[in-house]
Structures are given as C-alpha cells and as structure tokens.
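Have a look at the structure below before the remarks.
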Amino acid sequence: MTEIETVPPAERTRGEGIAARVLRIALTERIVLLAVLLVVVVVWFRVLGAGGYLVAPYDLRYLGNALESMVPFALLAIAELFVIVSGRGGIDLSVGAIVSLAGMVFGFMVGVWEWPLLPSIVGCIVVGALLGAVNGALVAYLRFPALIATLATYYAYSSLALISNANAPISTPPVVALHSLTRNIQLPLLPPIPTHVFTIMIPCVVLAWVVVSRSTYGRALYAVGTNDVAAEYATQPVARTRFTAFVISGLLSGVVAVVTVAQFASARPDAGIVGNGMALPAITVAVLGGVAIQGGIGRVGGVVVAALLITWLNAGMLLAFPEGAEGSRYQLLALGLVLVLSALLNTFALRRYGRLA
Amino acid sequence: MTTTTEAVTAPARRRPRVRAIEGQELALIAVVGALWVVLSIVTDTFLTTGNLQNILFTVAPIALIGIGMTAVIVTAGIDVSVGSQAAVVMVIVALLARDAGLPFLPTVAVAVVIGLVLGAINGLLVAFGGIHPIIVTFGTLNIYRFVALQIFGNEQVAGVPATLAPIGGGAEGRILGVPTAWWITLVLAAAMWCYMRYWATGRHLYAVGGDPFAARLAGVRVRRRQISAYVLTGACVGLAACILIGSGGLVQQNVGTGLELRVIAAVVIGGTSIIGGRGTVLGTLLGALLVGTVSSAVTLLSWPSELTQLFIGLFILVAVGVDLLRERRRSAR
Amino acid sequence: MAGDVLLRLRGVQKRYGGVRALRGVDLDVLAGEVHALVGENGAGKSTLIKIVSGAEVADEGTVELEGTPLAGGSTQAAMAAGIATVYQEPHLFGELTVAENVFLGRELRTGGRVDWATQRTRVTELLSRIGLDPAIGDVRVADLPVAEQQLVSIAKAFAHSAKILILDEPSAILTDREIEVLFGVVRNLRAAGVGIIYISHRLDELSQISDRVTVLRDGEVVATKPTSELTVRQVAELMVGHELSSATVDRPTPTGETVLTVSGLGRTGAFSGLDLTVRKGEVVALYGLIGSGTGAIARALYGITPADEGTIRIDGEEVRLSSPQDAAAAGIAMLPGNRKQQGVFANKSIAFNISSAHLRHLAKLGFWFDRRRERSIAEDFLRRIAIKAPDVGTAVGALSGGNQQKVVLARQLVRAPRVLVLEEPTQGVDVGAKEEIHRLVLELADGGSAVLVISTDLPEVLQLADRVLVVRKGQVVREFARGASQAEVLAAAAGDEGEAVA
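Protein chains in written order, with my numbering: chain A, 1304 to 1660; chain B, 3 to 335; chain C, 27 to 528.
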C-alpha cells in the first residue's frame, strides 16, 4: 500500500506566528468561531438599535424571549448530529414529519382521550422514538441509504399526520392549556425566559452532551461514523449503534413535538412540515455547528452555539426588516448563506489544517 | 522476443451482459401497466382521454426535472434546490409575460437561461467548493427562495397572461391529443437516454459517480461533468417552470415547495442509485409516471389526497429495497 | 538493448508545507528498460510518481519526455504525452463494462459518440494478449471477481501505446501466478522499447524483472545502479541507510498446551475441512496465494463472516463465533489486513484508536467513559512500542503507514489475547517498522499468546512461523516446519508439484 506522503498536520503547526495561530484556532475550533460570530451579531444589532434602525429594542428581554424559537432548532439539530455523526451518509429528513405525527398523537392523548399530562408526554416521546426506530431499522439493519429511507418515511409520516385528524388541528381546551408549559419565567439577574428552555432544552442538551462526549456509546458512535468497517473489527456493534442514533433522533423529535404543541396551544398536522419543514433548518444548524456530513465529526457544544447564533440572528432580522414577510425572507437568505459559507470554511480548514473542530 | 501468456481466467460462464432495458425498468413497466389495467376496470373515469391527458401533463414537470436530476444523482450528487429554482423562474417569467408582454419563445428562452444560471451556481459550488452537494443545495434552496420572494415583493403575481398556453394544460397545449409538455419531456428524455448510454461524456457521468478520484486519474473531466449535470437540471427546471405556469393565471409565493422531494422520489423509484454511478432516464420517466398514476388513482377513488404521499413513501421503500436485495445477491456470489 | 533516454528528471523538488518531500531528484529512464524505484515509506516515491504522472507539479526542476518538457499538473496531458500509470489499487467503475473501463477518458469517438465496434475489437485483442478471457469485454466490472478486476486495471494501462509505463506496486495485489503474467507482459513492453518505472516493496522481485534500480531516501536519490550489481541486502541497506540486523529468528519449538483447535471448519464457496491447532507461544502461518481462501479463514476465526460448518475450540472449549464481539469474548484478537479500510480511524487520535476495541472495559458505571485511563493506556503504548508521534492526541491519519500499523496492533495488545490472528501484518510498511512489528509479534508469542499469521509475503512467513500451513483452493495442502525453503512452500501453494497429503 502506498503512503500518501503529505506532511503530518501536527508538524505544520510548530513555529507559527500569533496571527497564524489565532486563525488556525478560529478555523479548526468551530465553537470559538461561532462564539466570535455570536458576539459580532449581538453587537451589530445593538449598534443598529442604538442608531434607530430597529423597530424595537434588541435588548436582553427581547433576546430572552427569542429563546423560545431556539428550542426546536437546537433539539432537532442535536438529533441530526447523532444521525449524521453515525456516518455512511447518515441524515434524517423525517424529523419534521415525526414532530407532526408524534404531535398529533400527543394532541389526541391530551385533547381527545384526555390522558393526564405526564403519561401523554412520555407517550409522545415514545411514539417519536418508535418512528425513529423505523428509520433506524431501515438504515442500520436493512441498509437503506439514510437519505432515501428518511425521504420515504418523511412522506409516510406526514401523510399519516395529515390523515389522522382529516387535516385539521386539535385544539381542544386541554391542549390549549398546555401553553402554560412554555410561558416565561422570571429568574433573578436574568430577563424573562420561556420555562421550557430550563425544563426541556437544557436537560436535553446536557444529556446529549454526556451521551456524545462522555459515554461509551458516544465513543462507539464516533468510531462507527468515522470508519464502520474498522469499527466492526474493533468489536463495536455497528448496526446497533447506528440504529440507536436514529432512535435518539426520533426521541428528540418527540420532545420537540411536545414543545411545539404547547407553544402553538394546538396540535397541528403540518407543524413540522409546513414550508421547508423543520428538517432543513435543523441540518443547517448542525452543519454550521461543525458536524461534517461525511460522519464521525461534530460536537454538541458547537451545535448549541450555532442554534443560538441563528436564533439571535433571526430575531435581529425581524426587527431590522419589519415590513410584512420581509424579516422571515431575510432569514432564509441568512440561513442559506451561513450554511454554504460554513461548509466552505470546513473545506478550507480541512485542506489547510487537515482537520476541523 | 516472444512471451507466451496463458489465460489466467476461466471463460465467461453465464455472465450478465448489459441490457437495453434493465430489470428494474421492466418491473416498473409491469407495475404501471398493471395499475392502469386495474384502474380502468375499477373506475369509469380513469381510462378517459381527459384523465390520461391530465396525468401526463401533471407528470411532465416532475419527469422533466427528473431528467436532469438523474444525471446529478448518477454523478453521486443531489439537487434539493429545484423547487426554489422553479419559484425564481416562475416569478420572473410571470412578471415578464404580464408586465413586459414577452411572447412565447423569448419567454421560454429567458426561463431556460435563468435555470441555467441557477444550476451553474450549484454546479460551481459543488465542483470547486468541495462541499457535499446536499449541503450546497440546501443552502441555495434557501437563497433562491429568498430571491424569489424578494422579486414577489409582498404579493403574489396575479393575472398572468396565457403566453405559455402552447405548452400548458389546456386544449391548445396538445399535439395529437397528447400534452405538448409530455412530448417535450419524451424528446428530451430520449435524447438524454442516448447521451448517457452512447456518448463518451455521458458515460463519464457514471464514472464520476462511481469514483471521482479514479475518474480524474483516467482523464475524465470530473468538475466539468458535475457542473454540466447541475446546469442541465437548471435548464430542465426552466422548461418545467414554463409548463407549470402554462395557461397563466395566478403564481403564488409558495410555488415549487416540496417539488425537489417529488422529483427525487421519481428518480429513486426509477432505480437510480442515490450513492451514484447507476441509473437511467427511462427509469426516472417510469418512476414519475407511477407517482402520477397513483396520485390520480387516489383522487379518482376519492380517498384523502394526503394518502398519495404515503404511497410515494412506500414505493420508494419497495423500489430501493428490491434494488438492495439484488445488490446483496450479486455480492454474495 | 536499452536505448536513448526517454524520461529525464533534473533537480526535481517538492515541498508540502514545511517538509521537503523531494530534494532535487535526478532520474533517467531509458527506452526498453525496467527501472525499479525503491525506498522506505516517506522516501518520496509516491510524490515522484505523482509528479511524473501529472497529478502534482514540481516546485523546482524539470521533467522531460524525449526532450520535451512536461508542464505537469494534468494527468490527462501526461497520458496524452505517453505516460501511463497503473496504481496499486484498481480504480475501476463497477457499472461500466470492461471495455468502457479500459477506454475511460480516452474513448475512440466518432463525433461525441463512442465507436463501440472498434473499441470491442481492440479490447478483444488486448485481453487475449494479457491472458484474460476476451469475452469479458462487455461484462460489467461489478460482475467480475476481484482478482480479475485487478488484472483489468493492468490491461487498462497497456491499452494505449505508452512510452513510459509506471507500475506502482503492481505485485502487491497479485498472486504469484498473476505476477508471472504481469512480468511476461512487462518484458514484452520492454522489448517494444517502452520505459518502465517499477515500484515495489518486494525487493526479491527486482532481480527477476528490473534492469536498473534507483534507491530513494529522504527525498534524495542515494544510488542508481544496474540490478545485477546489487544484492537484496545491499538495496535494503541503501534504503534504510544503516546495516540491517540479522533477520533470522531462532526460537525454541513451543511445546505448551494447545490453545486454538479448529476442526472441519468450512464456509461455502470459500474454504472447507480446515483443521489446525495453535499452541501456547506458537506462531503458525497460513500461507496461500491471493484467492486461496486464507482471508476468509481469518474472517471466520474473527466472526466477521462466520463459518457454516466445523468447530472452533479455545482451550478445549467450543466457541461459537458469529461476530467479532463473540471472538473478543473468547479471547481472540485480530489485526485486519487492510489498514486503511479495516484498521484505522484516520481523523481520530491515537488514544481513540487504541481504546476503540475496549470501550466496555474502560466504562465506569456501565456507560461513563474513563478518558483518563484511555490516555494512560495509550501513553504506555507510545513508549513501549515506539510509535513515532508527538503525543497520544495526534490524529492517526497524520502518522506514517508503519506507525499507523503499530497503533492498530497496540489495540489488539491492550488485553493480552489468548489467540492473535494477524492478517498481512506488515503490508505496505517500511523495513524498519516491519522489523519492529515482527519483534512485537514474537514477544507476544513468548508471552504466551497463540499467534496465527496470515500472509502472502513468503519471506515474512518463513521468518516468523514455527509451522507454515499452505492453503490452496480453500484447503490446507501442506505443512512445513521451520526451515523450509521458499521454493518448496511456493511450489506447494501454486500447486504445480505432486501433492502430499497434509
């Protein structure tokens, strides 16, 4: 076997100047770059606000409020992280459809069958995990390409969600009452922040971080995603690891389903699939957060900061472009540009330093 | 000096040759045929000129974009931005037709050129940016949608004239009773089928999808082939957008959303491998027909229209599943 | 019969970042000569080939073909000028036919359309010249067995009347018999005046095929001499730059109890009726040409592709191996044959690579991963087996082939295995690393493991093994004790000698 006689990147980093070092860290440590960008975005909109270009103050209260839209973003992006890191073209196009379908089931449980809240929430998450398990079985055991399997289940799940209640939302009083789950909470020293940021998002993020970065499963996930054949030789359960990644993705989608129903005070059959759906922004945030589409690379921290960045960027643009749908239009532009640019950055960092965060 | 070389390999025994129509395509023809027969018997309305014309017309844009998408997926790429591309083309074309009164041919030309440009942007990013095609086109999906919405302003385009009616769904959009849109699709598909089967650069598309590095070493112009596939897709989207505007009327802001998934579904059902290196335009055409037939059947049987999506999902699973089984049997030898 | 200078390199330099891969290389390839290019990994062979074949551009210096400078940077231009390259791994396209693969990128065209009829005639002629069944021209490559695919890739390079043919370790993937076919064609081309650059790790081949040898070390040419003036040992010394220690191994015949007992093991279509035993402390080699079934035996013993008949016993107890996890539980470890595909996690750290087979043993409370212990284990190995790397956080992909192989080997040594199966343990590693790996394997055997080496490298097999089992067509046909000669083992494997019952 011929060796590729390139220079070990480790040797190239010796003896570089401070500027080069800063550049290297910014490009290879994704979370640092994202943190810098986050500061830039916040400062920029503060300056715009001070200059009178915004229709409302871009202050702490506003930023705290905006966190509401971060929750589904962040959780689904972490769902994508699990699936994409698991490798072999891993991707989950069906997360939005799972949010819709699990959300409808949740709506039925709470609003029609009038189950108590806790069993309903558990039930909804279990349904999400089961739908994810279908994806996982198709991809991990039957070896369907993930893009295809989840495209198919995207169709199937959306169809079932739409049919389940004849294309109508469920918003009976018990469902409407769920809205209290997402009302703002006032903590000392902080602006009012939606409750479910604390009750749902932060626990999920911490749990995901433990699983990805500190557990043996996380190690197996990276091994399988980096090189599944080598992982098999290293006695890792390749199919089960991948299957589990899809189950976790479904599970997190189930959590998002609960959040979405509560947020809208209504179980909407098209909640996760309307427009471009929820899968696309989730994948975008994951990639921006440093998850490499070829698998085996990506961290929870990066994804969370990326979600925060996109959230506050979007929030700022709503103030900068208040007219009609202009704000959400520019959000599309920002999302697209940020995705392409961050991917270009990944390529550049990979070519220049042989690795990325 | 002479060297004797003995044959080191056994003579070919029952080795599969390359056939003009492949197994999966035959199976699709059988499935579509069977569906048509069953539907003709079960419903009174299926086997009517009007219904068949309608199926062919609605399938045409999907199949047309599918021609380009087949090339893209054969090169191991994917283009999820076609829906947004269609939106950009449609809003510009609708405005030009309404406000500038552009006649038929120039309108089509403008549509194709816009498509070409949008496709070229994707192609260049994929070929030179070193970014996975799905990421590139997810990005341009958003960006192109922004462009479309920006041109829309805050209102939809109403009162679009019937400039494009010759390729629309109405009576004047037919030749020999068959929608002109379908004729265009057929001609382009046939040309593409020949190109991908007999032309050197067409065969290179398969090499690019099989192993781009090795293809480059062999002297295949990998980047040129990749770009050409996306550009072709853009051009197909341009034409398809004209068909979608057809007899005019209203162009809404959400035009084209979800189009990419329908096209990809047709291509995949048609037997093209998502990992690249394998697939035919004929398969895509049949895949699109199958999707169109099912959609029509669901309507005619007065089932909820959302059921169509469930069927599409199942068809994808069956088509790819059959392919996986065949592949496994092949590698098990 | 060698004639004028065809290819002339003068002062070729190439830098990657801060490292000089080539430091002013001069090389002449004559018409009608086979010019061997040897050197350790990292000596600059690959870089040199990339420059000649147009995949890279030299920073300085000139490359001239028949007096005309080559611009470089375009493989197609190099090919058009008459430089053909056969890479070690076959770069073929499964969905295209053999004929299409052979002509890929250089199709015979009429307009844009491929001239299928002429191509078919040409391919038929070519395949019969190479010794392949001409009828496979219209077969999809994916439908061919792997060995045939590899010969197709060589046919492909011969298809165009090249002036310079570069063979990058062609023998590494071929069986000895296929090598003979290859050598026959190489000699033919030499007679026709083609200049051939032949790269190989197998120094014993050079005397059979090459006219001159150029030895590269650290990006410089240390010698260019007629092959007849050099011995294998001299070449090896030039490559490493210092005297090699004596390669003969002298160990007492192991007499410990039998650890691994395999009886009647078989897998349909791969091998059958396999009986073998390995004692504690013993090194047993399975030697067979590629395609003989040795690879399948290794995979069966590790549960990757389980056997469907026969039994495997460890310490007398029958074990069922239907996955690598089963094998690991039974105390079997395996060093896979293809490092890049089956061995390393390239962009992950040395520590990650070593711990990857032991996650459960490094867990606290069943799920929490003990990163401190992972690190200390890896640091321990870094010292013990001399892996050349700054620290255990270094990505394995940044290491040389030999060091990568040591990392993968270290993974198998974390918990001393009862049985260690090594598949091609030193394929594609440099001479120094090879010696080091051999030393480790013997050390492990001395420590009480039963070692089964599966290799197509005959000198290695004879050097390491206490016993050599020769496998042909999925069955053990001969057994040799230490001290067998290369010739008799090879003859048994190739099967043109009267068979003795094993």
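From the three backbone atoms N, C-alpha and C, an ideal C-beta is built for every residue, glycine too.
Q. Just to check, is the beta-carbon of B:V110 closer than 6 Å to a non-hydrogen atom of the ligand MN?
A. This structure simply doesn't include the ligand MN, nor any ligand for that matter.
Q: Identify the contact partners of C:Q102 in chain B, using a Cβ-Cβ distance below 7 Å as the criterion.
A: Chain B residues near C:Q102: G221.
Q. What is the rounded straight-line gap between the Cα of C:E231 and the Cα of C:T279?
A. 31 Å
Q. What distance in whole Å lies between the Cβ atoms of B:L97 and B:V159, which are believed to be in contact at a cut-off of 8 Å?
A. 6 Å
**Q.** beta strand (DSSP E) segment containing C:K76, residue limits
**A.** Where C:K76 is concerned, there is no enclosing beta strand (DSSP E), although the alpha helix (DSSP H) around it starts and stops at 71-78.
(Q) Report the start-end ranges of each alpha helix (DSSP H) in the region 411-470 of chain C that is 4 residues or longer and not cut off at the edges. (A) Counting whole runs of 4 or more residues, the region 411-470 of chain C contains the alpha helix (DSSP H) stretches 427-439.
Q) For C:F395, which three-state DSSP category applies? A) strand
Q) Should A:L1673 be labelled buried (16 or more other beta-carbon atoms within 10 Å of its own) or exposed? A) In the structure as shown, chain A starts at 1304 and stops at 1660, and residue 1673 of chain A therefore has no counterpart that could be examined.
(Q) Could you check whether the Cβ of C:K374 sits closer than 7 Å to any Cβ belonging to chain A? (A) yes
Q: Could you list which residues in chain B have their beta carbon closer than 7 Å to that of A:L1337, in chain order?
A: What A:L1337 touches in chain B: nothing, since even the nearest Cβ is about 17 Å away.
Q) Between which two residues does the beta strand (DSSP E) containing C:Y529 stretch? A) Residue 529 of chain C lies beyond the range of chain C shown here (27 to 528); nothing can be said about it.
Q | Any chain B beta carbon closer than 7 Å to C:L130 | A | yes
Q.
So for A:P1540, helix, strand or coil by DSSP?
A. coil
Q) Looking only at its own chain, which residues have a Cβ that is under 8 Å from the Cβ of B:R335, when we skip the five neighbours before and after it? A) Caution applies to B:R335, whose pLDDT of 49 falls short of 50 and renders its modelled position unreliable; the value that the coordinates give is listed next. Hits under 8 Å: none found.
(Q) Closer than 9 Å between beta carbons: that is the criterion. Which residues of the region 1446-1464 of chain A meet it against chain B? (A) R1446, F1447, P1448, L1450, I1451, A1452, L1454, A1455, T1456, Y1457, Y1458, A1459, Y1460, S1461, S1462, L1463, A1464
Q. Could you give the distance in angstroms between the alpha-carbon of B:L288 and the alpha-carbon of B:I247?
A. Rounded to whole angstroms, the gap between the alpha carbons of B:L288 and B:I247 is 24 Å.
(Q) Starting from C:S298, trace the beta strand (DSSP E) in both directions and tell me its first and last residue. (A) 297-305
(Q) Please state whether the Cβ-Cβ distance between B:L126 and B:A299 is less than 7 Å. (A) In this structure, B:A299 does not lie closer than 7 Å to B:L126 by Cβ.
Q. In three-state DSSP terms, what is B:V110?
A. The three-state reading of DSSP puts B:V110 in helix, counting H, G and I together.
Q: Under the assumption that B:I116 contacts B:G250 (Cβ atoms under 8 Å), give the Cβ distance between them as a whole number of angstroms.
A: About 18 Å separates the two Cβ atoms, so there is no contact after all.
Q: Report the residues of the region 1466-1486 of chain A with a CB closer than 8 Å to any CB of chain B, ordered along the chain.
A: Listed by position, the residues of the region 1466-1486 of chain A near chain B (Cβ gap below 8 Å) are I1466, A1469, N1470.
(Q) So B:R328 contacts chain C; which residues on that side make the cut at Cβ distance below 8 Å? (A) Within 8 Å Cβ-Cβ: nothing; B:R328 doesn't reach chain C, min ~12 Å.
Q | Opening and closing residue of the beta strand (DSSP E) in which C:P252 lies | A | 246-252
Q: Take B:Y146 as the anchor and find which of B:P214, B:V320, B:D81, B:G172 has the nearest alpha-carbon.
A: Just measuring C-alpha positions, the residue of B:P214, B:V320, B:D81, B:G172 sitting nearest B:Y146 is B:D81.
Q) What's the call for B:I177, buried or exposed, on a 16-neighbour Cβ count within 10 Å? A) exposed
Q: Would you tell me roughly how many angstroms separate the C-alpha atoms of C:G65 and B:A192, rounded to the nearest one?
A: 54 Å
Q: Could you check which residue in C:L425, C:P252, C:L312 has the C-alpha nearest to that of C:L490?
A: Nearest of C:L425, C:P252, C:L312 to C:L490, Cα basis: C:L312.
Q. Using a Cβ-Cβ cut-off of 7 Å (strictly less than) and excluding sequence neighbours within five positions of B:T60, which residues of its own chain qualify?
A. G294
Q) Which word fits C:D472, buried or exposed, when buried means at least 16 other C-beta atoms lie within 10 angstroms of its C-beta? A) With fewer than 16 Cβ atoms within 10 Å of its Cβ, C:D472 is classed as exposed.
Q. Ordered along the chain, which non-local residues of its own chain (more than five positions away) have a Cβ less than 6 Å from that of C:T420?
A. A distance below 6 Å between beta-carbons, with the five flanking residues on each side excluded, links C:T420 to the following residues of its chain, in chain order: I376.
**Q.** Contacting positions in the region 112-127 of chain C - beta carbon closer than 8 Å to chain B
**A.** Y113, H117, L118, F119, G120, E121, L122, T123, E126
Q: Measuring only between beta-carbons, confirm whether B:L319 sits less than 7 Å from chain A.
A: yes
Q | Start and end residues, alpha helix (DSSP H) containing B:F59 | A | 51-76
(Q) For a minimum of 4 consecutive residues, which ranges assigned as the alpha helix (DSSP H) are wholly contained in the region 247-289 of chain B? (A) 261-271
Q: Please confirm if A:N1649 has its CB atom under 7 Å from at least one CB of chain D.
A: Looking for chain D here will not work: the only protein chains present are A, B and C.
Q: Could you spell out the range, first to last residue, of the beta strand (DSSP E) harbouring A:M1373?
A: Counting along the chain, A:M1373 sits inside no beta strand (DSSP E); it lies in the alpha helix (DSSP H) bounded by residues 1363-1388.
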